[in-house]
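J.: Residue numbers (our numbering), protein chains in the order written: chain A, 5 to 123; chain B, 5 to 123. Heads up, the beta-carbon is just placed ideally off N, CA and C, and yes, glycines get one too.
Number of protein chains: 2
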Amino acid sequence: MSRTTAARTSAGGAPTDRRLCCASVVDAPLADDEADELAKVLAALADPIRLRLLSLVASQAEICSCELEAPLRKSQPTVSHHTKVLSEAGLIVGEKRGRWMWWRVEPTRLAAVRAALGG
Amino acid sequence: MSRTTAARTSAGGAPTDRRLCCASVVDAPLADDEADELAKVLAALADPIRLRLLSLVASQAEICSCELEAPLRKSQPTVSHHTKVLSEAGLIVGEKRGRWMWWRVEPTRLAAVRAALGG
DNA sequence: CTGATATATTGACTGTCGTCGATGTTCAGT
DNA sequence: ACTGAACATCGACGACAGTCAATATATCAG
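1) Let me check understanding here. Comparing Cα to Cα, which of A:38, A:51, A:39 lies closest to residue 37 (chain B)?
2) Using only alpha-carbon positions, find the residue among B:33, B:43, B:100, B:74 that is nearest to residue 66 (chain B).
3) Does any residue of chain A bring its CB to less than 8 angstroms from the CB of residue 123 (chain B)?
4) Hey, is the stretch 79–90 of chain A in contact with the stretch 60–77 of chain B, meaning 3+ C-beta pairs nearer than 8 angstroms?
5) Between residue 118 (chain A) and residue 34 (chain A), what straight-line distance do the alpha-carbon atoms span, to the nearest angstrom?
6) Express the C-alpha separation of residue 98 (chain A) and residue 104 (chain A) in angstroms, rounding to a whole number.
7) Assuming the contact rule is C-beta atoms closer than 8 angstroms, residue 89 (chain B) and residue 56 (chain B) should be a hit. Round their C-beta distance to whole Å, please.
8) Say whether chain A places a C-beta atom closer than 8 angstroms to the C-beta of residue 83 (chain B).
9) For residue 95 (chain A), tell me which candidate among A:112, A:106, A:75, A:123 has the shortest Cα-Cα distance.
10) Under 8 angstroms by Cβ, that's how I've got residue 115 (chain A) and residue 42 (chain A) pegged, so tell me the actual separation to the nearest angstrom.
Take a look at the structure:
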């Protein structure tokens, strides 16, 4: 443990540590549950604000929530809502240090989505 | 022209022959219009019925609309609605031959989505 | 032409999503 | 303890999406 208080969000007991690894859309007809899982992650991505948020997080090693409101031009509750959606989808991971929430991308998750799309 | 009446849907004047080629989510912060375009295609994919529909189309060279109702367990208007959404997103292409509508996947479109997701 | 079939469209209903003000919670500094 | 700052949650509102019955359109068989 480091000296600062730390807590992880998502990928640590979050309701979304699902498989999403093997089934590809173009290989064989998807089963119902496979389609449900993939649709959930894609729904998290299917919003322009969240896509820009994700690209902002990806543009740096870490980024604070407070640095997202301005470029996204959204209110603080809205930004918090979108980070939560992306976090629960396993696409970003948050860590609270002091008063600030630091976000980073989970590249394996995005790679899994690409693979499920026939990568 | 073949002997049967033929007409193409999407990628032939459809409202979605958008770029979606160069900008990647993980490379640099997305511009507003880039995020809008990508979000539209992802929204078309972010539905379990449409994902299964797409995988059904991909499982064969061509498939008729009438062969989709049973495996999807949805009514005819609902299937027609979903094929329209996927078609307008450029993910599948339809061709009407006689009374039947034949669908095939547009693999380049799916590849473009993967590339936009950092492929 | 008439009837049957395949698909598209319309209209209505229901549920979900994005948004933000108000409020709650946690934490650092004094 | 008290104050201010960063973030989360709640509640409400408007907009949009998925679904299907009913209807319209197009095509083929007779």
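T.: In short, the structure shows the following:
1) Numbered from 1 along the second sequence, position 33 holds the residue referred to as residue 37 (chain B). With distances taken between Cα atoms, residue 37 (chain B) lies closest to A:51.
2) Against the second sequence, residue 66 (chain B) aligns to sequence position 62. Comparing Cα positions, the closest option is B:100.
3) The residue labelled residue 123 (chain B) in the question sits at position 119 within the second sequence. It does; some Cβ of chain A falls within 8 angstroms.
4) Taking a cut-off of 8 angstroms for Cβ pairs, the stretch 79–90 of chain A and the stretch 60–77 of chain B do not touch, as fewer than three such pairs fall below it.
5) The residue given as residue 118 (chain A) occupies position 114 in the first sequence. The residue given as residue 34 (chain A) occupies position 30 in the first sequence. Cα to Cα, the separation comes out at about 15 angstroms.
6) Translated into the one-based positions of the first sequence, residue 104 (chain A) becomes position 100. Translated into the one-based positions of the first sequence, residue 98 (chain A) becomes position 94. Going from the Cα of residue 104 (chain A) to the Cα of residue 98 (chain A) covers about 10 angstroms.
7) Here residue 89 (chain B) corresponds to residue number 85 of the second sequence, with the count starting at 1. Here residue 56 (chain B) corresponds to residue number 52 of the second sequence, with the count starting at 1. Going by Cβ atoms, the distance from residue 89 (chain B) to residue 56 (chain B) rounds to 13 angstroms, so no, they are not a contact pair.
8) Mapped onto the second sequence, residue 83 (chain B) falls at position 79. Chain A, which has no Cβ nearer than 8 angstroms to the Cβ of residue 83 (chain B), makes this no.
9) Sequence index remark: in the first sequence, residue 95 (chain A) carries index 91 (1-based). Ranking A:112, A:106, A:75, A:123 by Cα distance to residue 95 (chain A) puts A:112 first.
10) Taking the first residue of the first sequence as position 1, residue 115 (chain A) is located at position 111. Taking the first residue of the first sequence as position 1, residue 42 (chain A) is located at position 38. About 14 angstroms separates the two Cβ atoms, so there is no contact after all.
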